[in-house]
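Reading through the structure tokens given below for one structure.
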Amino acid sequence: MCFSTLSVLLISSAFFNKIMTAKEDTLPERLRFHGVHTNILWRNLISEFFGTFLLCFIGLSIVFQFHAGGGKTTEWIGVNIGWGFAIMFAVMATARMSGGHLNPAVSLLLWSLGHLKLAWVPLYAIAQTAGAFVASLAMYSYYYEQFDAFDGGNRTILGATGTAGCFASYPSPNLGVWGPYIDQCVGTGVLAYFLCVVIDERNQIPKIWHPMFFGFLVMMIGTGFGMNIGYPINPARDLGPRLFSYFVYGPGVFHSPYTNYWIAPALAPFVGALVGGWFYHFSLGMHNPDIEETENAPIEQSPKSVEQQKLLQA
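Read in order, the letters of the sequence shown are residues -21 to -1, 1 to 293 in mature numbering (1 follows the signal peptide of the UniProt record, and there is no 0).
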């Protein structure tokens, strides 16, 4: 009896000592015990949902602040910088789990490069679009009183007090029907091209720096390719908020400024991503030497250095 009691006390003492002294005895570590660790697909979908939520909540808030503030609170360059930082931190938060795609066009490109299963691409796209939808709800709730102050409670899509552009893209009146398609192919193509530059291991860019370079990349695209429709370059970023804005403004968000405009930012980025990503591999990537080749290659000596060596040997 005494031996049993002593054994229980010893086991209990060891258990509580482990709890009190181990680094795992923190609330975040306890939460990790209930996290999704074995089902990689579910973990990645959670990552893509929340990553796209963070990206779009911050980004859409920046857009509304620019639009409603009339340039007083945020200028156009501030929009570009803000979206760049939003990308940087959202990718940083999710890169280790799902890769931080946050963009269905990027997921499709990475599948074509052999980095993602084809069956996962539509699931990623659904998670990303859902994250953008919820982010729109969060932004609208946060700025609801500012929406009322700006338009007097009368929600309109376009015009002097129109605010639908704070959620999704709408083209410049100077563009024709095909202009938005070309714009999104080019903008997303630039994104995909330099994304492949960054992730190409032969370029030896440390992975810890990837989110920062992606942020700079989005800033560059915004400053150079944002005039036409506002550089959505991401089907989830445009379609998710547009779906939410349907419940605020009605079906006109899918027919303004003309019928089926919304297809351009929803589909053209897929084409642009594939073209841009593979253009890198055909233009530069296929010629990029292996790391071992560059490290072990003999150093070519200039004629001057050869002459110097002869003088030293004489």
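We treat Cβ as the ideally placed atom computed from N, Cα and C, and that holds for glycine.
What you are looking at is a predicted structure, and each value in this text was computed from that prediction instead of being measured.
Identity of the residue in 11, 239, 172, 106 nearest residue 24 by Cα: By alpha-carbon distance to residue 24, the top candidate from 11, 239, 172, 106 is 106.
Shortest alpha-carbon distance to residue 77 belongs to which of 264, 260, 26, 63? Measuring from the Cα of residue 77, the nearest candidate turns out to be 26.
CA-CA distance, residue -6 and residue 4? Annotation note: pLDDT 45 at residue -6 (below 50); position unreliable, coordinate value reported separately. C-alpha separation (whole angstroms): 10 Å.
Do residue 267 and residue 134 have their C-beta atoms within less than 8 Å of each other? Cβ distance not < 8 Å, so residue 267 and residue 134 don't count as in contact.
Three-state secondary structure (DSSP) of residue 265: In the structure shown, residue 265 sits in a helix (DSSP, three-state: H, G or I).
Would you mind stating whether residue 260 and residue 142 have Cβ atoms separated by less than 8 Å? Pairing residue 260 with residue 142 gives a Cβ-Cβ distance that is not under 8 Å.
List the whole-angstrom C-beta distance separating residue 236 from residue 149, where the pair is believed to meet the contact cut-off of C-beta under 8 Å. Beta-carbon to beta-carbon, residue 236 and residue 149 are separated by about 6 Å, close enough to satisfy the 8 Å threshold.
Beta-carbon spacing of residue 250, residue 164 below 8 Å: Less than 8 Å divides the Cβ of residue 250 from the Cβ of residue 164.
Alpha carbon to alpha carbon, how far is residue 62 from residue 53? Give it in angstroms, no decimals. When rounded, the distance between both Cα atoms is 12 Å.
Assumed close pair residue 79, residue 30 - CB separation to whole angstroms, cut-off 8 Å: Yes, residue 79 and residue 30 are in contact; Cβ-Cβ is about 6 Å, under 8 Å.
When burial is assigned at 16 or more other CB atoms within 10 Å of the CB, is residue 156 buried or exposed? Looking at its Cβ environment, which holds fewer than 16 other Cβ atoms inside 10 Å, residue 156 is exposed.
Residue 73 to residue 183 span [Cα, whole Å]: Each residue's alpha carbon lies about 21 Å from the other.
Use the C-beta contact count for residue 16: other C-beta atoms within 10 angstroms, 16 or more gives buried, fewer gives exposed. Sixteen is the threshold: since fewer than 16 other Cβ atoms of the shown chains lie within 10 Å of the Cβ of residue 16, the residue is exposed.
Would residue 255 pass as a contact of residue 168 if the rule is Cβ separation under 8 Å? Result yes, Cβ atoms of residue 255 and residue 168 sit closer than 8 Å.
Are the beta-carbon atoms of residue 166 and residue 59 separated by less than 8 Å? No, these two residues do not count as a Cβ contact at 8 Å.
What are the start and end residues of each continuous alpha helix (DSSP H) run of 4 or more residues lying completely inside the segment 10 to 54, in chain order? Runs found: 19 to 48.
If we require 4 or more residues per run, which alpha helix (DSSP H) segments fall completely within the segment 199 to 232? Correct list: 214 to 228.
Straight-line CA distance for residue 35 to residue 263? Each residue's Cα considered, the two are about 32 Å apart.
Cα-Cα separation, residue 39 to residue 172: Each residue's Cα considered, the two are about 25 Å apart.
On the criterion of 16 or more Cβ atoms from any shown chain inside 10 Å, does residue 321 qualify as buried, or is it exposed? A question about residue 321 goes unanswered here, because the residues of the chain that appear run from -21 up to 293.
Using beta-carbon positions only, say whether residue 88 and residue 253 come within less than 8 Å of one another. Yes; because the gap between Cβ atoms is below 8 Å, this pair is in contact.
For residue 198, which residues in the same chain have their Cβ closer than 8 Å to its Cβ, ignoring the five residues on either side in sequence? Cβ-Cβ distances below 8 Å link residue 198 to 59, 60, 62, 63 in the same chain, with the five nearest sequence neighbours on each side left out; the list follows chain order.
Residues in its own chain within less than 8 Å of residue 186 by CB, not counting five upstream and five downstream? These residues qualify, in order along the chain: 74.
Kindly indicate which residue of 18, 227, 209, 55 has the alpha-carbon position closest to the one of residue 126. Comparing Cα-Cα distances from residue 126 to each of 18, 227, 209, 55, the minimum goes to 227.
With DSSP as the reference, label residue 58 as helix, strand or coil. Reduced to three states, the DSSP call for residue 58 is helix.
Tell me whether residue 99 sits in a helix, a strand or coil according to DSSP, three-state version. Helix.
Start-to-end residues for the alpha helix (DSSP H) that takes in residue 156: Per DSSP, residue 156 lies in no alpha helix (DSSP H) segment and is marked neither H nor E.
Under a Cβ-count criterion, where at least 16 other Cβ atoms within 10 Å of its own Cβ denotes burial, should residue 108 be classed as buried or exposed? Buried is the call here.
Limits of the unbroken alpha helix (DSSP H) element including residue 88: Run containing residue 88: 83 to 91, per the alpha helix (DSSP H) assignment.
What residue from 258, 11, 12, 248 has the CA that sits closest to residue 159's CA? Closest by alpha carbon: 248.
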